[in-house]
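Participant:
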Amino acid sequence: SAVISQKPSRDICQRGTSLTIQCQVDSQVTMMFWYRQQPGQSLTLIATANQGSEATYESGFVIDKFPISRPNLTFSTLTVSNMSPEDSSIYLCSVWGSTGELFFGEGSRLTVL
Amino acid sequence: AQTVTQSQPEMSVQEAETVTLSCTYDTSENNYYLFWYKQPPSRQMILVIRQEAYKQQNATENRFSVNFQKAAKSFSLKISDSQLGDTAMYFCASDAGGTSYGKLTFGQGTILTVHP
Chain R
2 SAVISQKPSR DICQRGTSLT IQCQVDSQVT MMFWYRQQPG QSLTLIATAN QGSEATYESG
62 FVIDKFPISR PNLTFSTLTV SNMSPEDSSI YLCSVWGSTG ELFFGEGSRL TVL
Chain S
253 AQTVTQSQPE MSVQEAETVT LSCTYDTSEN NYYLFWYKQP PSRQMILVIR QEAYKQQNAT
313 ENRFSVNFQK AAKSFSLKIS DSQLGDTAMY FCASDAGGTS YGKLTFGQGT ILTVHP
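One line per chain: the protein sequences are R and S, in this order.
Here the first sequence stands for residues 2 to 114, where the numbers follow my numbering.
Here the second sequence stands for residues 253 to 368, where the numbers follow my numbering.
#1: For Phe358 (chain S), which residues does DSSP report across the bridge?
#2: Rounded to the nearest angstrom, what separates Ile116 (chain R) and Gln29 (chain R) at their Cα positions?
#3: Just grab the DSSP bridge partners of Met297 (chain S) for me.
#4: Taking C-beta pairs closer than 8 Å, name the residues in chain R that Gln296 (chain S) reaches, listed in chain order.
#5: Does DSSP classify Leu74 (chain R) as helix, strand or coil?
#6: Quick one: measure Cβ to Cβ for Ser334 (chain S) and Thr270 (chain S), integer angstroms, because I've assumed they're closer than 8 Å.
#7: Could you tell me which chain R residues have their CB closer than 7 Å to the CB of Leu299 (chain S), listed as they occur along the chain?
#8: Thinking C-alpha only, which one of S:Ala305, S:Leu336, S:Gln254 is nearest Leu286 (chain S)?
#9: CB-CB under 6 Å to Arg59 (chain R), same chain, minus the five flanking residues each way: which ones, in chain order?
#10: Applying the 10 Å Cβ sphere with the 16-neighbour rule, what's the burial state of Leu111 (chain R)?
#11: Quick one: Cα of Ile69 (chain R) to Cα of Gln360 (chain S), how far?
#12: In whole angstroms, what separates the C-alpha of Arg71 (chain R) from that of Ser109 (chain R)?
#13: Which stretch, first to last residue, makes up the beta strand (DSSP E) that contains Arg11 (chain R)?
#14: Thinking C-beta only, is Ser328 (chain S) closer than 7 Å to Asn314 (chain S)?
#15: On a Cα-Cα basis, can you pick out the residue from R:Gln42, R:Ser85, R:Ser95 that is closest to Thr31 (chain R)?
#16: Mind checking who Tyr289 (chain S) pairs with in its DSSP beta bridge?
#17: Just by C-beta distance, which residues in the stretch 59 to 77 of chain R are closer than 7 Å to chain S?
#18: State the DSSP-derived secondary structure class of Glu267 (chain S), mapped to helix, strand or coil.
#19: Ser90 (chain R): which of R:Glu107, R:Ile64, R:Gln39, R:Ser82 sits nearest, CA to CA?
#20: For the beta strand (DSSP E) that Met84 (chain R) lies in, which residues bound it at each end?
#21: For Asp65 (chain R), which residues in the same chain have their Cβ closer than 8 Å to its Cβ, ignoring the five residues on either side in sequence?
#22: Are there any heavy atoms of the ligand ATP lying less than 6 Å away from the beta-carbon of Ile64 (chain R), as far as the coordinates show?
#23: How would you label Leu114 (chain R), buried or exposed, when you count the other beta carbons within 10 angstroms and need 16 or more for buried?
#24: From Ala348 (chain S) to Glu102 (chain R), what distance separates their C-alpha atoms?
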């Protein structure tokens with residue numbers, strides 16, 4: 002199993018500002034994944050964070066809006082840039098375990114006013 | 253593109269009874285994983301059960317079991333002896349197959365309420 006810690010747990014932000022979410026894993030992993038869960042909705046993959054290379058973004062998500070860093074095998078950050086109320090969501094960090102399952106952090110709940 | 257469909261937005265069941273949550277999916281892959289995740293109000297995503305598509309035998313995990321129909325692309329979850337702690341949002345998900353580990357497509361979710 003993997004223990005994943007995310008910061009902040011929740012935040013309230015002003016329109017036009019940016020926020021960086023941190024994700025720390027208790028073991029080294031090759032790939033980390035960032036998902037978004039909009040209010041009352043399902044989870045959608047934003048991007049895959051690869052150590053030592055650029056993140057890979059899914060359709061509909063761009064690096065300028067969601068820049069990602071992956072400085073080492075246990076840590077990643079996701080920035081939500083120039084926020085608008087539509088960015089109000091839960092952002093979840095996850096890793097793929099050797100047992101063949103996706104482990105999730107507790108999520109970061111962002112509210113944009 | 254993969255799709256996962258959960259046709260039951262909400263379900264309810266009495267404590268100690270059995271409930272089945274439905275899920276259908278569409279994929280062009282032959283080898284893939286299917287999952288049921290539970291999200292209680294605390295919002296922590298918890299794996300309930302996992303099925304590997306190449307295995308014909310249905311996965312079971314204590315009170316949780318699946319009915320996996322590969323040809324029909326159906327993957328339902330049965331919860332036996334329902335408990336109050338089972339109250340949560342349940343998501344069905346599939347991965348993209350091949351080497352796309354971790355890239356899951358989720359269904360819209362089913363809110364399950366267990367009544368005492």
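Every residue gets a Cβ at the ideal spot worked out from N, C-alpha and C, and that includes glycine.
Facilitator: Let me lay it out:
#1: Counting from one through the second sequence, the residue named residue 358 (chain S) turns up at place 106. In DSSP, Phe358 (chain S) forms a bridge with S:Ala345.
#2: The requested residue 116 (chain R) is not part of the displayed model; chain R covers only 2 to 114.
#3: Translated into positions along the second sequence, residue 297 (chain S) becomes position 45. Looking at the DSSP assignment, Met297 (chain S) forms no beta bridge with any residue, so it has no partner.
#4: Within the second sequence, residue 296 (chain S) is the residue found at index 44, counting from 1. Ordered by position in chain R, the residues that pass the 8 Å Cβ test against Gln296 (chain S) are Phe105, Glu107, Gly108.
#5: In the first sequence, residue 74 (chain R) corresponds to position 73, counting from 1. If DSSP states are grouped into helix, strand and coil, Leu74 (chain R) belongs with coil.
#6: The sequence position of residue 334 (chain S) within the second sequence is 82, counting from 1. The sequence position of residue 270 (chain S) within the second sequence is 18, counting from 1. That pair is a contact at about 7 Å.
#7: For the purposes of this step, residue 299 (chain S) is identified with residue 47 of the second sequence, where counting begins at 1. Per Cβ cutoff of 7 Å: Glu102.
#8: To locate residue 286 (chain S), count along the second sequence from 1; it is residue 34. It is S:Ala305.
#9: Numbered from its first residue, the first sequence carries residue 59 (chain R) at position 58. First, the amino acid is wrong: residue 59 (chain R) is Glu here, not Arg. For Glu59 (chain R), where only same-chain residues beyond five positions count, the Cβ hits under 6 Å are Leu46.
#10: For the purposes of this step, residue 111 (chain R) is taken as residue 110 along the first sequence, with counting starting at 1. It is buried - the Cβ of Leu111 (chain R) has at least 16 other Cβ atoms within 10 Å.
#11: Against the first sequence, residue 69 (chain R) aligns to sequence position 68. Against the second sequence, residue 360 (chain S) aligns to sequence position 108. Rounded to whole angstroms, Ile69 (chain R) to Gln360 (chain S) spans 26 Å at the Cα level.
#12: Numbered from its first residue, the first sequence carries residue 71 (chain R) at position 70. Numbered from its first residue, the first sequence carries residue 109 (chain R) at position 108. One C-alpha to the other measures close to 18 Å.
#13: The residue you call residue 11 (chain R) lines up with position 10 of the first sequence. Unbroken beta strand (DSSP E) run through Arg11 (chain R): 11 to 14.
#14: Mapped onto the second sequence, residue 314 (chain S) falls at position 62. Mapped onto the second sequence, residue 328 (chain S) falls at position 76. No. Outside cutoff.
#15: Translated into positions along the first sequence, residue 31 (chain R) becomes position 30. It is R:Ser95 whose Cα lies nearest to the Cα of Thr31 (chain R).
#16: In the second sequence, residue 289 (chain S) corresponds to position 37, counting from 1. S:Leu299, S:Phe343.
#17: none
#18: Position 15 of the second sequence, counted from the first residue, corresponds to residue 267 (chain S). Three-state DSSP puts Glu267 (chain S) in coil, outside helix and strand.
#19: Locating residue 90 (chain R) in the first sequence gives position 89, where the first residue counts as 1. Ranking the options by Cα distance to Ser90 (chain R), first place goes to R:Gln39.
#20: Taking the first residue of the first sequence as position 1, residue 84 (chain R) is located at position 83. Premise fails: Met84 (chain R) is in no beta strand (DSSP E) and is neither H nor E.
#21: Numbered from 1 along the first sequence, position 64 holds the residue referred to as residue 65 (chain R). Contacts found: Ser82.
#22: Here there are no bound small molecules, and the ligand ATP is not part of this structure.
#23: Residue 114 (chain R) sits at position 113 when you count from the first residue of the first sequence. Per the 10 Å Cβ criterion, exposed.
#24: Residue mapping note: residue 348 (chain S) aligns to position 96 of the second sequence, counting from 1. Residue mapping note: residue 102 (chain R) aligns to position 101 of the first sequence, counting from 1. In a straight line, the C-alpha of Ala348 (chain S) is about 13 Å away from that of Glu102 (chain R).
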